[in-house]
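Chemist: Numbered according to our numbering, the sequence shown spans residues 24 to 171.
Even for Gly, the Cβ is constructed at its ideal location relative to N, Cα and C.
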Amino acid sequence: MFKHVAIAAAAVALVCGTSYAALAADHQVKMLNKGPDGKMMEFDPAFLQIAPGDTVTFVPTDKGHSSDSINGMIPDGVQPWKGGMSQEITVTFTKPGVYAYKCMPHFTLGMVGLIEVGSNPPNLDAAKGVRLPPLADKKMKELFAQVK
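#1: DSSP beta-bridge partners for Gly136?
#2: Could you tell me the distance, in whole angstroms, from the CA atom of Ala74 to the CA atom of Pro157?
#3: Hey, could you find the ends of the beta strand (DSSP E) Lys53 is sitting in?
#4: At a cut of 8 angstroms, does the segment 77 to 84 reach the segment 113 to 129 through at least three beta carbon pairs?
#5: Could you have a look at Thr113 and say whether DSSP puts it in helix, strand or coil?
#6: Use the C-beta contact count for Ile30: other C-beta atoms within 10 angstroms, 16 or more gives buried, fewer gives exposed.
#7: Could you tell me the distance, in whole angstroms, from the CA atom of Asp49 to the CA atom of Asp91?
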C-alpha cells in the first residue's frame, strides 16, 4: 500500500514540476497565394484558438508574403511583431486576448488572420473597433464571429 502511495505522490510531483513551456503547443499558419477553399491570398488557417504559452509559426509556403500584427488589434502591453517578406516567423503568445495580423503587401486584398489566446478575450471590443480596408474588414468580421 505504501509503495502505491509513494508512486502516486512521485507522479503528482513530476506533473506539477513540469514546466509550463513543456506543455505549450506549436501551431503552423501557412501564407498562401491560393487557400484550400480556392480564395486568393489566404492564411491557412486564418483563425486559431490557442492556449497562453503556445507558439505560432507563420510559414511562407508561397513567396511574397509576411505576417505583421495589426496596430490596435493585440492586447495592451504586448510587443507587436513584423515578419520579413517571404520569411518564417515564430511568435509566442503568453497574454490572453485576440491578436489580429496581416500580410502587408496583400492587406487591402483581405489577407488577414486572427488568433484567440485563452477565452473571453479582454481586448475583443477594442480590436473590433479598429478600421481596416474594406476587404480586410469583411474577412476580419468573419474571423471575429469564430471567437468564443
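Modeler: Reading it off the structure:
#1: Tyr124
#2: Going by the C-alpha atoms only, they are around 30 angstroms apart.
#3: Asp49 to Lys57
#4: yes
#5: Assignment of Thr113 by DSSP, reduced to helix, strand and coil, places it in the strand class.
#6: Residue confidence is low: Ile30 scores 40 on pLDDT, short of 50, so the model does not pin down where it sits. No coordinate-derived value is stated.
#7: 18 angstroms
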